[in-house]
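Scroll down for the structure; my scribbles are underneath it.
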Amino acid sequence: REGTFLGHHTSYVTKGLRYGILLFILSEVCFFFAFFWAFFHRRLSPTPELGCCWPPVGIDTLDPFRVPLLNTAVLLASGVTVTWAHHRLIEGRRSNTLQALVLTIILGGYFTVLQVGEYNEASFAISDRVYGSTFFVATGFHGAHVLIGTRFLFICLLRTILWHFSTGHHFGFEAAAWYWHFVDVVWICLYLCIYWWGT
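Last residue of the sequence shown? That's 234 in my numbering, and every number before it is there in order.
Below, the structure is given as C-alpha coordinates:
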(Lines of atoms letter the chains of each structure in order from A; the text may use other names.)
(Lines give C-alpha, C1' and ligand atoms only; values in the text may rest on other atoms or scores of the structure.)
Protein backbone atom coordinates (compact mmCIF):
# COMPACT_ATOMS: atom_id res chain seq x y z
CA ARG A 36 0.00 0.00 0.00
CA GLU A 37 2.82 2.38 0.94
CA GLY A 38 4.67 1.98 -2.34
CA THR A 39 1.84 1.24 -4.78
CA PHE A 40 -0.86 3.69 -3.77
CA LEU A 41 0.85 6.33 -1.64
CA GLY A 42 4.10 6.54 -3.62
CA HIS A 43 6.31 6.75 -0.52
CA HIS A 44 9.10 4.55 -1.82
CA THR A 45 12.06 6.89 -1.92
CA SER A 46 15.29 6.04 -3.73
CA TYR A 47 16.72 4.79 -0.42
CA VAL A 48 13.80 2.44 0.14
CA THR A 49 14.03 1.15 -3.44
CA LYS A 50 17.77 0.64 -3.10
CA GLY A 51 17.22 -1.28 0.14
CA LEU A 52 14.65 -3.52 -1.54
CA ARG A 53 17.07 -4.22 -4.41
CA TYR A 54 19.89 -5.09 -2.00
CA GLY A 55 17.49 -7.28 -0.05
CA ILE A 56 16.46 -9.40 -3.04
CA LEU A 57 20.07 -9.60 -4.25
CA LEU A 58 21.20 -10.85 -0.84
CA PHE A 59 18.35 -13.35 -0.81
CA ILE A 60 19.41 -14.67 -4.24
CA LEU A 61 23.02 -14.82 -3.01
CA SER A 62 21.88 -16.94 -0.06
CA GLU A 63 20.11 -19.24 -2.53
CA VAL A 64 23.33 -19.51 -4.55
CA CYS A 65 25.10 -20.68 -1.39
CA PHE A 66 22.27 -23.14 -0.72
CA PHE A 67 22.66 -24.79 -4.14
CA PHE A 68 26.47 -24.59 -3.95
CA ALA A 69 26.32 -27.14 -1.13
CA PHE A 70 24.47 -29.61 -3.35
CA PHE A 71 26.92 -29.13 -6.20
CA TRP A 72 29.81 -29.54 -3.77
CA ALA A 73 28.42 -32.89 -2.59
CA PHE A 74 27.90 -34.03 -6.17
CA PHE A 75 31.36 -32.99 -7.37
CA HIS A 76 33.02 -34.55 -4.34
CA ARG A 77 31.48 -37.95 -5.07
CA ARG A 78 31.75 -37.63 -8.86
CA LEU A 79 35.46 -36.77 -8.86
CA SER A 80 36.55 -39.24 -6.18
CA PRO A 81 34.17 -42.22 -6.03
CA THR A 82 34.92 -44.45 -3.06
CA PRO A 83 35.21 -48.27 -3.03
CA GLU A 84 31.71 -48.41 -1.53
CA LEU A 85 30.46 -46.94 -4.81
CA GLY A 86 32.47 -49.41 -6.88
CA CYS A 87 35.16 -46.78 -7.57
CA CYS A 88 33.09 -45.50 -10.49
CA TRP A 89 30.44 -42.93 -11.21
CA PRO A 90 27.54 -43.40 -11.47
CA PRO A 91 27.67 -46.14 -8.84
CA VAL A 92 27.27 -49.74 -9.90
CA GLY A 93 23.61 -50.63 -10.38
CA ILE A 94 22.37 -47.11 -11.13
CA ASP A 95 20.76 -46.58 -14.54
CA THR A 96 20.89 -42.83 -15.07
CA LEU A 97 18.35 -40.81 -16.99
CA ASP A 98 19.04 -39.98 -20.63
CA PRO A 99 20.06 -36.30 -20.65
CA PHE A 100 18.82 -35.83 -24.22
CA ARG A 101 15.18 -36.67 -23.54
CA VAL A 102 13.05 -35.07 -20.80
CA PRO A 103 15.92 -33.13 -19.16
CA LEU A 104 16.77 -31.47 -22.48
CA LEU A 105 13.10 -30.63 -23.05
CA ASN A 106 12.93 -29.16 -19.54
CA THR A 107 15.99 -27.06 -20.34
CA ALA A 108 14.29 -25.69 -23.45
CA VAL A 109 11.11 -25.00 -21.47
CA LEU A 110 12.93 -23.04 -18.77
CA LEU A 111 15.03 -21.09 -21.26
CA ALA A 112 11.85 -20.19 -23.16
CA SER A 113 10.27 -19.05 -19.89
CA GLY A 114 13.31 -16.83 -19.27
CA VAL A 115 12.68 -15.21 -22.66
CA THR A 116 8.98 -14.68 -21.96
CA VAL A 117 9.55 -13.13 -18.52
CA THR A 118 12.11 -10.75 -20.07
CA TRP A 119 9.58 -9.94 -22.80
CA ALA A 120 6.97 -9.20 -20.12
CA HIS A 121 9.37 -6.90 -18.29
CA HIS A 122 10.25 -4.92 -21.40
CA ARG A 123 6.59 -4.57 -22.38
CA LEU A 124 5.80 -3.37 -18.86
CA ILE A 125 8.50 -0.71 -19.12
CA GLU A 126 7.05 0.37 -22.48
CA GLY A 127 3.55 0.59 -20.98
CA ARG A 128 2.13 -2.19 -23.16
CA ARG A 129 -0.02 -3.84 -20.51
CA SER A 130 -1.80 -6.43 -22.70
CA ASN A 131 1.53 -7.77 -23.99
CA THR A 132 2.82 -7.89 -20.41
CA LEU A 133 -0.17 -9.97 -19.36
CA GLN A 134 0.24 -12.34 -22.32
CA ALA A 135 3.94 -12.88 -21.63
CA LEU A 136 3.31 -13.43 -17.91
CA VAL A 137 0.60 -16.00 -18.59
CA LEU A 138 2.93 -17.79 -21.01
CA THR A 139 5.74 -17.79 -18.44
CA ILE A 140 3.44 -19.25 -15.77
CA ILE A 141 2.26 -21.95 -18.19
CA LEU A 142 5.88 -22.86 -19.02
CA GLY A 143 6.72 -23.03 -15.30
CA GLY A 144 3.80 -25.37 -14.72
CA TYR A 145 4.78 -27.49 -17.72
CA PHE A 146 8.32 -27.81 -16.35
CA THR A 147 6.91 -29.09 -13.05
CA VAL A 148 4.67 -31.63 -14.80
CA LEU A 149 7.62 -32.91 -16.85
CA GLN A 150 9.81 -33.20 -13.77
CA VAL A 151 7.18 -35.17 -11.84
CA GLY A 152 6.85 -37.51 -14.82
CA GLU A 153 10.62 -37.90 -14.93
CA TYR A 154 10.70 -38.80 -11.23
CA ASN A 155 8.03 -41.44 -11.78
CA GLU A 156 10.02 -43.01 -14.63
CA ALA A 157 13.40 -42.99 -12.86
CA SER A 158 14.80 -46.46 -12.16
CA PHE A 159 16.40 -45.26 -8.91
CA ALA A 160 15.06 -43.60 -5.78
CA ILE A 161 16.32 -41.10 -3.23
CA SER A 162 17.37 -44.06 -1.05
CA ASP A 163 19.69 -45.47 -3.75
CA ARG A 164 23.00 -44.47 -2.23
CA VAL A 165 24.71 -41.15 -2.79
CA TYR A 166 23.67 -40.81 -6.43
CA GLY A 167 19.97 -41.02 -5.67
CA SER A 168 20.18 -38.69 -2.71
CA THR A 169 22.23 -35.98 -4.46
CA PHE A 170 20.11 -36.23 -7.63
CA PHE A 171 16.73 -36.02 -5.95
CA VAL A 172 17.71 -33.44 -3.34
CA ALA A 173 19.33 -31.08 -5.88
CA THR A 174 16.65 -31.42 -8.57
CA GLY A 175 13.86 -31.58 -5.99
CA PHE A 176 14.87 -28.34 -4.32
CA HIS A 177 15.19 -26.77 -7.75
CA GLY A 178 11.67 -27.98 -8.54
CA ALA A 179 10.46 -26.38 -5.31
CA HIS A 180 12.09 -23.13 -6.40
CA VAL A 181 10.29 -23.36 -9.75
CA LEU A 182 6.98 -23.73 -7.89
CA ILE A 183 7.81 -20.73 -5.68
CA GLY A 184 8.86 -18.68 -8.72
CA THR A 185 5.69 -19.64 -10.59
CA ARG A 186 3.61 -18.51 -7.63
CA PHE A 187 5.66 -15.29 -7.42
CA LEU A 188 4.93 -14.60 -11.10
CA PHE A 189 1.24 -15.45 -10.64
CA ILE A 190 1.05 -12.79 -7.90
CA CYS A 191 2.74 -10.36 -10.31
CA LEU A 192 0.10 -11.26 -12.90
CA LEU A 193 -2.66 -10.44 -10.42
CA ARG A 194 -0.95 -7.18 -9.49
CA THR A 195 -0.63 -6.28 -13.17
CA ILE A 196 -4.35 -6.96 -13.68
CA LEU A 197 -5.10 -4.71 -10.67
CA TRP A 198 -2.91 -1.89 -12.08
CA HIS A 199 -0.38 -2.06 -9.22
CA PHE A 200 2.55 -1.67 -11.62
CA SER A 201 3.48 1.30 -13.76
CA THR A 202 6.33 1.94 -16.17
CA GLY A 203 8.41 3.50 -13.39
CA HIS A 204 7.14 1.60 -10.36
CA HIS A 205 7.31 -2.18 -10.67
CA PHE A 206 10.07 -3.47 -8.41
CA GLY A 207 7.93 -6.43 -7.29
CA PHE A 208 7.89 -7.60 -10.89
CA GLU A 209 11.65 -7.03 -11.29
CA ALA A 210 12.32 -9.08 -8.15
CA ALA A 211 10.21 -11.94 -9.53
CA ALA A 212 12.07 -11.76 -12.86
CA TRP A 213 15.47 -11.81 -11.13
CA TYR A 214 14.42 -14.82 -9.09
CA TRP A 215 13.14 -16.58 -12.23
CA HIS A 216 16.44 -15.97 -14.03
CA PHE A 217 18.28 -17.37 -11.02
CA VAL A 218 16.13 -20.51 -11.25
CA ASP A 219 17.01 -20.75 -14.96
CA VAL A 220 20.75 -20.51 -14.29
CA VAL A 221 20.59 -23.13 -11.54
CA TRP A 222 18.78 -25.50 -13.90
CA ILE A 223 21.41 -25.04 -16.62
CA CYS A 224 24.10 -25.93 -14.07
CA LEU A 225 22.07 -28.95 -12.89
CA TYR A 226 21.54 -30.12 -16.44
CA LEU A 227 25.18 -29.78 -17.45
CA CYS A 228 26.64 -31.26 -14.26
CA ILE A 229 24.19 -33.86 -13.00
CA TYR A 230 22.29 -34.95 -16.09
CA TRP A 231 24.96 -34.67 -18.79
CA TRP A 232 28.43 -34.83 -17.18
CA GLY A 233 27.27 -36.92 -14.22
CA THR A 234 26.13 -39.80 -16.39
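C-beta atoms are modelled at their ideal positions from N, C-alpha and C, and glycine is treated no differently. Computed from a predicted model, the values in this text were never measured in an experiment.
Here the segment 155 to 164 makes contact with the segment 92 to 111; the two share three or more CB pairs at distances below 8 Å.
When the beta-carbon positions are compared, Thr49 and Phe206 come within less than 8 Å of each other.
Comparing alpha carbon positions, the residue from Phe200, Leu111, Phe189 closest to Ile125 is Phe200. For Ser130, the uninterrupted alpha helix (DSSP H) run begins and ends at 129 to 156, by DSSP. One alpha carbon belongs to Arg164, the other to Asp219, and they sit about 28 Å apart. Burial is judged here by how many other beta carbons sit within 10 angstroms of a residue's own beta carbon; Val181 has at least 16 and is buried. In the DSSP annotation of this structure, the continuous segment of the alpha helix (DSSP H) that includes Ile60 starts and ends at 46 to 79.
Counted as a single uninterrupted DSSP element, the alpha helix (DSSP H) harbouring Phe187 occupies residues 164 to 196.
Comparing alpha-carbon positions, the option among Trp89, His121, Pro83, Gly51 lying closest to Ala211 turns out to be His121. Taking C-beta atoms under 8 Å as the contact rule, Ile140 and Leu105 fail to qualify, at a distance of about 18 Å. Per DSSP, reduced to three states, the secondary structure at Glu209 is helical. Check the Cα spacing between Phe170 and each of Phe75, Leu142, Val148: the tightest is with Phe75.
Per DSSP, the continuous alpha helix (DSSP H) segment holding Ser113 begins and ends at 102 to 125. The beta carbon of Tyr226 lies closer than 8 Å to those of Pro99, Pro103, Leu104, Asn106, Thr107 in the same chain, with the five residues before and after it left out. In the three-state DSSP reduction, Trp89 falls in the coil class, being neither helix nor strand.
The C-beta of Phe66 has fewer than 16 other C-beta atoms within 10 Å across all chains shown, which makes the residue exposed. Thr234 sits away from Pro81, with the two beta carbons spaced by 8 Å or more. In this structure Gly184 is in contact with Tyr214, their Cβ atoms being roughly 5 Å apart against a cut-off of 8 Å. In terms of Cβ geometry, Leu149 and Thr116 do not form a close pair [threshold 8 Å].
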